[in-house]
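Asks: A single structure is presented below for examination.
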Amino acid sequence: MRDALLPLLEDPLKKVYYGIDFHSTNENIFYPIEESVPTSPDNLTQRWFPLVQTNNPSAVFAYEEFDTSSPISKNWIYKTFGADALTFEMDDELSMDTIEQIARSSAQSLMTLLLEEKNKVQ
947 MRDALLPLLE DPLKKVYYGI DFHSTNENIF YPIEESVPTS PDNLTQRWFP LVQTNNPSAV
1007 FAYEEFDTSS PISKNWIYKT FGADALTFEM DDELSMDTIE QIARSSAQSL MTLLLEEKNK
1067 VQ
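Residue numbering for the sequence shown follows my numbering, beginning at 947 and increasing consecutively.
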C-alpha cells in the first residue's frame, strides 16, 4: 500500500481523501480516528457511520474511536496524507446477502459524502 500511495504526494493533481483498513472478523465495528483530531476532509467517518447504520438496521455496528499513536494503516494514512481513515471490521458469519447489502450501501453512502467534499473544493 505504501509504495502505491507515496507517489501521490508528488502529484499536485492527486489527493488521498480517505483510507479504509478492512478486516473480516467476528463482529461489526468501526474504529475511526478520534473526532478531536483534525482530518481532511474533517470527520468524514463520524458523518458516514450513521448512514451505514441507518442503511443496515439489522447489522448492529459498534463504534470506538482511537488516537493516532499506534502503528496501523489508518494512522499511517492520517500521518502521511492528513486524511481521515478507518479500520472497518465486519462479522464473517453474516450471510453473503447481508454482507453484499452492507458493502453496497456503505460504498454508495461513502461515495456520496466524498463527492460532496470534492464539490466543496471546486
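All residues carry an ideal CB built from backbone N, CA and C; glycine is no exception.
1) Please state if the CB of residue 1033 and the CB of residue 1025 are separated by a distance shorter than 8 angstroms.
2) Using only the alpha-carbon positions, how far apart do residue 1043 and residue 991 sit?
3) Measure from the alpha carbon of residue 1055 to the alpha carbon of each residue in 1064, 995, 981 and 980, then state which is nearest.
4) Do residue 1036 and residue 1045 have their CB atoms nearer than 8 angstroms?
5) Under three-state DSSP, which class holds residue 985?
6) Pull up the CB-CB distance for residue 1030 and residue 985, whole angstroms please, since I reckon it's below 8 angstroms.
7) Out of curiosity, what's the CA-to-CA distance linking residue 987 and residue 1061?
8) Are the Cβ atoms of residue 1005 and residue 972 separated by less than 8 angstroms?
9) Around the Cβ of residue 1065, are there at least 16 other Cβ atoms within 10 angstroms (buried) or fewer (exposed)?
10) Would you kindly work out how many angstroms separate the C-alpha atoms of residue 959 and residue 947, rounded to a whole number?
11) Go to residue 1043, then tell me how far its beta strand (DSSP E) extends in each direction, as first and last residue.
12) Would you identify the three-state DSSP class for residue 949, choosing helix, strand or coil?
Replies: On the basis of the coordinates in this document:
1) One-based indexing of the sequence shown puts residue 1025 at position 79. One-based indexing of the sequence shown puts residue 1033 at position 87. Their beta carbons are not under 8 angstroms apart, which means residue 1025 does not touch residue 1033 by this criterion.
2) The residue given as residue 1043 occupies position 97 in the sequence shown. The residue given as residue 991 occupies position 45 in the sequence shown. Distance between the alpha carbons of residue 1043 and residue 991 is about 24 angstroms.
3) To locate residue 1055, count along the sequence shown from 1; it is residue 109. Among 1064, 995, 981 and 980, the Cα nearest to that of residue 1055 belongs to 995.
4) Here the question's residue 1036 lines up with position 90 in the sequence shown. Here the question's residue 1045 lines up with position 99 in the sequence shown. Yes. Within cutoff.
5) As a first step, residue 985 must be located in the sequence shown, where it is residue number 39. In the structure shown, the three-state DSSP call for residue 985 is coil.
6) By 1-based counting over the sequence shown, the position of residue 1030 is 84. By 1-based counting over the sequence shown, the position of residue 985 is 39. Confirmed, about 4 angstroms.
7) Position 41 of the sequence shown holds residue 987. Position 115 of the sequence shown holds residue 1061. Computed Cα separation, rounded: 11 angstroms.
8) Translated into positions along the sequence shown, residue 1005 becomes position 59. Translated into positions along the sequence shown, residue 972 becomes position 26. The answer is no: Cβ separation not under 8 angstroms.
9) Counted from its first residue, the sequence shown places residue 1065 at position 119. Exposed.
10) Taking the first residue of the sequence shown as 1, we reach residue 959 at position 13. Taking the first residue of the sequence shown as 1, we reach residue 947 at position 1. Their Cα atoms are separated by approximately 20 angstroms.
11) Here residue 1043 refers to the residue found at position 97 when the sequence shown is read from its first residue. Careful: residue 1043 lies outside any beta strand (DSSP E), inside the alpha helix (DSSP H) at 1042 to 1067.
12) In the sequence shown, the residue the question calls residue 949 occupies position 3. Looking at residue 949 - three-state DSSP - the assignment turns out to be helix.
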